[in-house]
Amino acid sequence: QPGTHEALQAFADGGGSIRIPSALCGAVGIKGTHGRVSERGAAPLCWSVAHVGPIAATVLDAARALEIMAGPDAADTTTLGQPPLELGPLLEGGVELAQGAVAGLRLGWCERWAARADAAVLRACEEAMRRLEAAGAVRVPIDLLHLDFHAPVQYLTIGVEMAASQYEHRRVHQRDYSADTRLLLEMASQIPAVDYLRAQRLRTMIHDELVRVFDQVDVLATPAVATAAPRIPADALKAGLSDDQILEDITAFSFAANLTGQPALALPVGYDGAGLPLSLQLLGRHWDEATLLRTALAIEAAVERQRPEVFYQLLDR
């Protein structure tokens, strides 16, 4: 519920699994920089793209949760070189500080990337951008040359890493996996090493391009997903659901930050005609989660939140 900090969960994001459910459900989710939060205790499925982080009701709740989760952990060496996460001023100053701090903020926007979203999503994201501009932010048009590589490089990378992580276990427990999981792991196991290495070279190009963007901007904004939550067929619980178009729509903007390790945040910015949440994504420099959260807080203050049709007050007694 907006304005409280009682609804909070942590998730693992290897390709969008913090930001995508947040976007579809009208919540706030942040994936910190790769190595910001320890993965101790999480299954080591996709070690180079995976991140742990919170999904929360509000931006301040997400910031509080990330502050608790973040920090060096001797059990996860990827966390040991991180700079401090300094959110104290943001948490103490709240909305007033955030709204005053976006003046002069350079806000990147890639029209060619954003065009993958539908009209309702674009309208809501544009309105959020205009609110930031009214508070003094400056929109900076940018272009990205490697957009078409994001999905194939991500699928190949996460697929091979998952297949490798399950290699020994699958030899003994093959029948413990569902049929679709067995198929996907087997397909990933057959990818030639040369293709994986070529994908990592492309990944380096994607990384370097997105890092250079932040010579021009402080925050890069995109839609979080390309459409509102899709309708689930009645027989999906029994038969499962595999729809390539839905998968493309909900991951159109999420893979980049997994490949680069940059922090990324999704927050609600409006609703479609059916009352379903629409969401904006913010990407930032490595280790600069504070700027993302400050920007998100300024946006959130101007967005009227709606309760879903089915709502449970968790602390009612």
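Position in the sequence shown (first residue = 1) + 453 = this note's numbering.
Using N, Cα and C, we set each Cβ at its ideal position, and we do this for glycine too.
Secondary structure at residue i, three-state DSSP: helix, strand or coil?
i, result
"Gln-763", "Note that residue 763 corresponds to Val in the displayed sequence, not to Gln. Val-763: coil per DSSP, three-state reduction."
"Gln-627", "helix"
"Gly-456", "Bear in mind that a pLDDT of 37 at Gly-456, under 50, signals an unreliable position, so the model cannot answer this."
"Trp-566", "helix"
"Ser-642", "helix"
"Gly-482", "strand"
"Glu-757", "coil"
"Val-664", "helix"
"Val-555", "coil"
"Val-670", "coil"
Does residue i pass the burial test, meaning 16 or more other C-beta atoms within 10 Å, or should it be called exposed?
i, result
"Phe-602", "buried"
"Met-658", "exposed"
"Arg-651", "exposed"
"Gly-494", "exposed"
"Arg-628", "exposed"
"Thr-582", "Per the sequence shown, residue 582 should be read as Met rather than Thr. Buried, by the Cβ-count rule."
"Lys-691", "exposed"
"Ile-685", "exposed"
"His-626", "exposed"
"Pro-536", "exposed"
"Arg-472", "buried"
"Glu-621", "exposed"
"Thr-680", "buried"
Going straight from the alpha carbon of residue i to that of residue j, what length do you get?
i, j, result
"Glu-701", "Arg-569", "10 angstroms"
"Leu-513", "Arg-624", "45 angstroms"
"Leu-600", "Val-606", "11 angstroms"
"Leu-538", "Ala-743", "8 angstroms"
"Glu-614", "Val-502", "9 angstroms"
"Asp-671", "Tyr-630", "44 angstroms"
"Gln-669", "Glu-579", "20 angstroms"
"Pro-716", "Asp-661", "15 angstroms"
"Ala-518", "Ala-510", "11 angstroms"
"Val-593", "Ala-674", "10 angstroms"
"Thr-531", "Ala-587", "39 angstroms"
"Glu-520", "Ala-551", "17 angstroms"
"Ala-755", "Val-664", "30 angstroms"
Per DSSP, residue i forms a beta bridge with which residues?
i, result
"Lys-691", "Its beta-bridge partners do not exist; DSSP assigns none."
"Val-502", "Answer is none; Val-502 lacks a bridge partner."
"Thr-675", "Gln-734"
"Pro-525", "DSSP, once it has assigned bridges, lists no residue as partnering Pro-525."
"Val-593", "Gly-561"
"Val-647", "Per DSSP, none; premise fails for Val-647."
"Pro-721", "Ser-732"
Give the single residue among the options whose Cα lies nearest to the Cα of residue i.
i, options, result
"His-504", "Tyr-724, Ile-611 and Pro-686", "Ile-611"
"Arg-489", "Arg-559, Ala-465 and Gln-552", "Ala-465"
"Val-574", "Arg-559, Leu-736 and Ala-705", "Ala-705"
"Glu-762", "Val-756, Ala-727 and Ala-754", "Ala-727"
"Ala-496", "Ala-617, Ile-595, Gly-485 and Trp-562", "Ala-617"
"Leu-543", "Ile-483, Val-666 and Ala-516", "Ala-516"
"Asp-725", "Phe-667, Asp-529, Ser-470 and Ala-476", "Ala-476"
"Arg-760", "Gly-468, Pro-474, Gly-467 and Gly-479", "Gly-479"
"Leu-638", "Gln-653, Gln-619 and Pro-645", "Gln-619"
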